[in-house]
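*Asks:* Dropping the structure in here first, questions after.
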Amino acid sequence: MSPRLFWSLLLGLLVLLGVPLTILYLRTHERVTETLTLPPQGEAGYNPLYVLGQALRADGIDVHSRPRLELQQMTLAPDDTVVLLQDSSELPAPTARQLLDWVGRGGHLLVRTPPPAEDDASSTQGPLLDQLGVDSLFQRSECQPFQIDEGLPRNEFCGSRRFTLGFAARAQAERRWGGDRDLVFARLQHGQGRVSVLADMEFMRGDLDRDAGPAGAGLHDPAHRDLARYLLDPNYGKGAVWLIYASRPPSLWSRVFYQGWPLWAPLLLALLGWLWARAQRFGSVLPSPVLERRSLLEHVRASGELLLRFGHGTRLYDAVLALFLHRLRLRAPLAAALEGAPREQAIAALLKWPQGRVASALTPPPPHDTSALRERIRLLLQMRSLL
218 MSPRLFWSLL LGLLVLLGVP LTILYLRTHE RVTETLTLPP QGEAGYNPLY VLGQALRADG
278 IDVHSRPRLE LQQMTLAPDD TVVLLQDSSE LPAPTARQLL DWVGRGGHLL VRTPPPAEDD
338 ASSTQGPLLD QLGVDSLFQR SECQPFQIDE GLPRNEFCGS RRFTLGFAAR AQAERRWGGD
398 RDLVFARLQH GQGRVSVLAD MEFMRGDLDR DAGPAGAGLH DPAHRDLARY LLDPNYGKGA
458 VWLIYASRPP SLWSRVFYQG WPLWAPLLLA LLGWLWARAQ RFGSVLPSPV LERRSLLEHV
518 RASGELLLRF GHGTRLYDAV LALFLHRLRL RAPLAAALEG APREQAIAAL LKWPQGRVAS
578 ALTPPPPHDT SALRERIRLL LQMRSLL
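Residue numbering for the sequence shown follows the working numbering, starting at 218 and increasing by one per position.
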């Protein structure tokens, strides 16, 4: 077959098969557009105020985002605004005083009450709220009605920690918002500046919780954007805005567990397999073998029984007699220097014993009389203890 004929047949076969398959594909498939919301990446993944910062930058405002409040590294101007999403109860008293001194020079501070705790009675509000005159904190489940212009009524600050103001703080309050017993917002005048105290700042966050409805939409909700613009009003457009988003980086162990599992999971399985291969058989626990006894007293007793068994009891008597004479030389050297009956008489006078009893103890027993051996050893040990 010539090459021209081969390629002609191959092209015709492709046309005969390709055209019906193309028609079938176009008839059985439909183009569908689906939008997927990807998780935030980069700074948007850990900065909940990232969307607010981008919106302010688009409005021509200088924005600085920081994870924690560090006044030594922040150059705050009198017309600046600080949005403190960080828990204000964590600020020490000197930092709170420095921050309020800056507010007194014309700054604007937005601060929230501490987040709800399990034990609301034992939680503290911190030195910052104490110096502002915030009297008490209350954790309530009801929401605060909110409506802008002719829009639908909304519910905000649900489950937040509301607050009350002391007498001096109520006198300095320019605006208040809340219920009859407690508040969700208060703007206090402090020197030349303002402090806006909020029950929470969930409406300023940029993360989107679709399951929570409009309350979890954050700045994606137009009503939340209007509310955030209203709260930033005193110094809006005059100075920079500092966003303290209170981000804590994940710990090393959490990173290893959640991000390093492709490495540690196979290693863990390999380790378990090696332990299974090296493990002994499964069954009842075997009793521990009896250890050899090494007690000195047992050796001495065994040596004495061995000497008695082979008729060498006099060696035991001689050893005890040597111990007695050694003690006698230390306690009564004159009596120890004597021999025979004078020594027995001196020992009896020293111990106040009968001389015959002393003489019996100092006389060696018969070779095979075990009872006499025991009696004389007992007398020698008793005499030694009395010296």
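Using N, Cα and C, we set each Cβ at its ideal position, and we do this for glycine too.
The structure presented is a predicted model; accordingly, all values stated were derived computationally and were not measured.
Identify every residue that forms a DSSP beta bridge with W459.
*Replies:* For this step, residue 459 is matched to residue 242 along the sequence shown. Partner(s): H281, V299.
*Asks:* Can you tell which of L415, C360, D318 has its C-alpha closest to the C-alpha of L354?
*Replies:* As a first step, residue 354 is located in the sequence shown; it is residue number 137 there, counting from the start. It is L415.
*Asks:* For A576, which residues in the same chain have their Cβ closer than 6 Å to its Cβ, ignoring the five residues on either side in sequence?
*Replies:* The residue labelled residue 576 in the question sits at position 359 within the sequence shown. The answer, listed in chain order, is E561.
*Asks:* Suppose the cutoff is 6 Å on Cβ atoms and the five residues either side in sequence are ignored; what does the same chain contact list for G456 look like?
*Replies:* Against the sequence shown, residue 456 aligns to sequence position 239. A294, D296, D297.
*Asks:* By alpha-carbon positions, which one of Q303, R446, V351 ends up nearest to P265?
*Replies:* If you number the sequence shown from 1, residue 265 lands on position 48. The residue with the shortest Cα to Cα distance from P265 is Q303.
*Asks:* What residue does the beta strand (DSSP E) around H407 start on, and which one ends it?
*Replies:* Here residue 407 refers to the residue found at position 190 of the sequence shown. 400-407 is the extent of the beta strand (DSSP E) around H407.
*Asks:* Can you give the Cα-Cα distance for S339 and P333, rounded to whole angstroms?
*Replies:* As a first step, residue 339 must be located in the sequence shown, where it is residue number 122. As a first step, residue 333 must be located in the sequence shown, where it is residue number 116. Residue confidence for S339 is low, a pLDDT of 48 falling below 50, so the modelled location carries little weight; the figure read from the coordinates is stated next. About 11 Å.
*Asks:* Express the C-alpha separation of A390 and L317 in angstroms, rounding to a whole number.
*Replies:* Mapped onto the sequence shown, residue 317 falls at position 100. Mapped onto the sequence shown, residue 390 falls at position 173. Roughly 16 Å between the two C-alpha positions.
*Asks:* Taking the C-alpha atoms as reference points, what is the distance between A578 and S512?
*Replies:* As a position in the sequence shown, residue 578 is number 361, starting the count at 1. As a position in the sequence shown, residue 512 is number 295, starting the count at 1. So the two alpha carbons sit approximately 30 Å from each other.
*Asks:* Where does V189 land, buried or exposed, given buried means 16+ other C-beta within 10 angstroms?
*Replies:* What is shown of the chain runs 218 to 604, which leaves residue 189 out entirely.
*Asks:* My output table needs one value for S224: the three-state DSSP class, helix, strand or coil.
*Replies:* For the purposes of this step, residue 224 is taken as the residue at position 7 of the sequence shown. The sequence given here has Trp at residue 224, not Ser. The answer is helix: DSSP assigns W224 an H, G or I state.
*Asks:* Determine which residues share a DSSP beta bridge with S353 and list them.
*Replies:* In the sequence shown, residue 353 corresponds to position 136, counting from 1. In the DSSP output, where bridge partners are listed per residue, S353 has T381.
*Asks:* Got a sec, what are the start and stop residues for the alpha helix (DSSP H) R442 sits in?
*Replies:* Here residue 442 refers to the residue found at position 225 when the sequence shown is read from its first residue. 439-448 is the extent of the alpha helix (DSSP H) around R442.
*Asks:* Go through its chain and collect everything with a Cβ distance to P344's Cβ below 6 Å, but skip five positions before and after it.
*Replies:* Taking the first residue of the sequence shown as 1, we reach residue 344 at position 127. Result list for P344: A310, A313, in chain order.
*Asks:* Between the C-alpha atoms of L590 and W570, what's the straight-line distance to the nearest angstrom?
*Replies:* As a working note, residue 590 is residue 373 in the sequence shown. As a working note, residue 570 is residue 353 in the sequence shown. Between L590 and W570, the C-alpha separation is close to 20 Å.
*Asks:* Contact between the region 396-405 and the region 369-384: three or more CB pairs below 8 Å?
*Replies:* Segments in contact, yes.
*Asks:* Compute the beta-carbon to beta-carbon distance between R593 and Y534, rounded to the nearest angstrom, for a pair I have assumed lies under 8 Å.
*Replies:* Position 376 of the sequence shown, counted from the first residue, corresponds to residue 593. Position 317 of the sequence shown, counted from the first residue, corresponds to residue 534. Contact flag correct, Cβ pair sits at about 6 Å.
*Asks:* Nearest to F541 by CA position, among Q599, R518, R393, L484, is which residue?
*Replies:* For the purposes of this step, residue 541 is taken as the residue at position 324 of the sequence shown. Nearest option by C-alpha distance: Q599.
*Asks:* In chain order, which alpha helix (DSSP H) runs of at least 4 residues are fully inside the region 506-537?
*Replies:* Counting only runs of 4 or more, we get 513-526.
*Asks:* Within its chain, find whatever has a CB closer than 6 Å to the CB of G477; leave out the 5 residues flanking it on each side and keep chain order.
*Replies:* Stepping through the sequence shown from its first residue, residue 477 is reached at position 260. Excluding positions up to five away in sequence, the list is empty.
*Asks:* Do the CB positions of G396 and G321 come within less than 8 Å of each other?
*Replies:* Here the question's residue 396 lines up with position 179 in the sequence shown. Here the question's residue 321 lines up with position 104 in the sequence shown. No, the pair does not count as a contact, with Cβ atoms beyond the cut-off.
*Asks:* How big is the Cα-Cα spacing for P257 and L484?
*Replies:* Residue mapping note: residue 257 aligns to position 40 of the sequence shown, counting from 1. Residue mapping note: residue 484 aligns to position 267 of the sequence shown, counting from 1. Spanning the two alpha carbons is a distance of roughly 31 Å.
*Asks:* Could you name the residues that DSSP lists as bridge partners for R393?
*Replies:* In the sequence shown, residue 393 corresponds to position 176, counting from 1. Paired residues: A403.
*Asks:* Determine the DSSP secondary structure at S339, reduced to helix, strand or coil.
*Replies:* Residue mapping note: residue 339 aligns to position 122 of the sequence shown, counting from 1. Note that S339 has pLDDT 48, beneath the 50 cutoff, so the model's placement of it is unreliable and the number below is only indicative. The answer is coil: DSSP assigns S339 none of H, G, I, E or B.
*Asks:* Taking just the CA atoms, how far does L228 sit from P220?
*Replies:* Here the question's residue 220 lines up with position 3 in the sequence shown. Here the question's residue 228 lines up with position 11 in the sequence shown. Going from the Cα of P220 to the Cα of L228 covers about 12 Å.
*Asks:* Considering only their Cβ atoms, is the gap separating L326 from G350 smaller than 8 Å?
*Replies:* As a working note, residue 350 is residue 133 in the sequence shown. As a working note, residue 326 is residue 109 in the sequence shown. No.
*Asks:* From which residue to which residue does the alpha helix (DSSP H) around L469 run?
*Replies:* Counting from 1 along the sequence shown, the entry for residue 469 is found at position 252. Residues 469-476.
*Asks:* Please determine, among A566, M418, Q361, the residue with the shortest C-alpha to C-alpha distance to L436.
*Replies:* As a position in the sequence shown, residue 436 is number 219, starting the count at 1. For the residues A566, M418, Q361, the minimum Cα distance to L436 belongs to M418.
*Asks:* When you compare the CB of A536 with every CB in chain D, is at least one pair closer than 8 Å?
*Replies:* Included in the structure is just one protein chain, with no chain D present.
*Asks:* Helix, strand or coil for L327, going by three-state DSSP, please let me know.
*Replies:* What you label residue 327 is simply residue 110 of the sequence shown in a count that begins at 1. Of the three classes helix, strand and coil, the one that applies to L327 here is strand, per DSSP.
*Asks:* Where does P362 sit, in a helix, a strand or coil, going by DSSP?
*Replies:* In the sequence shown, counting from the first residue as 1, residue 362 sits at position 145. Here P362 sits in strand by DSSP.
*Asks:* Using the Cβ count rule (16 or more neighbours within 10 Å means buried), how would you classify F384?
*Replies:* Here residue 384 refers to the residue found at position 167 when the sequence shown is read from its first residue. Classification for F384: exposed.
*Asks:* If you measure between the beta carbons of G423 and A275, is that distance less than 8 Å?
*Replies:* By one-based count along the sequence shown, residue 423 stands at place 206. By one-based count along the sequence shown, residue 275 stands at place 58. No, they are not a contact pair.
*Asks:* Give every residue of the same chain whose Cβ lies closer than 6 Å to the Cβ of V236, excluding the five residues on either side of it in the sequence, and list them in chain order.
*Replies:* As a position in the sequence shown, residue 236 is number 19, starting the count at 1. Answer for V236: no residue qualifies.
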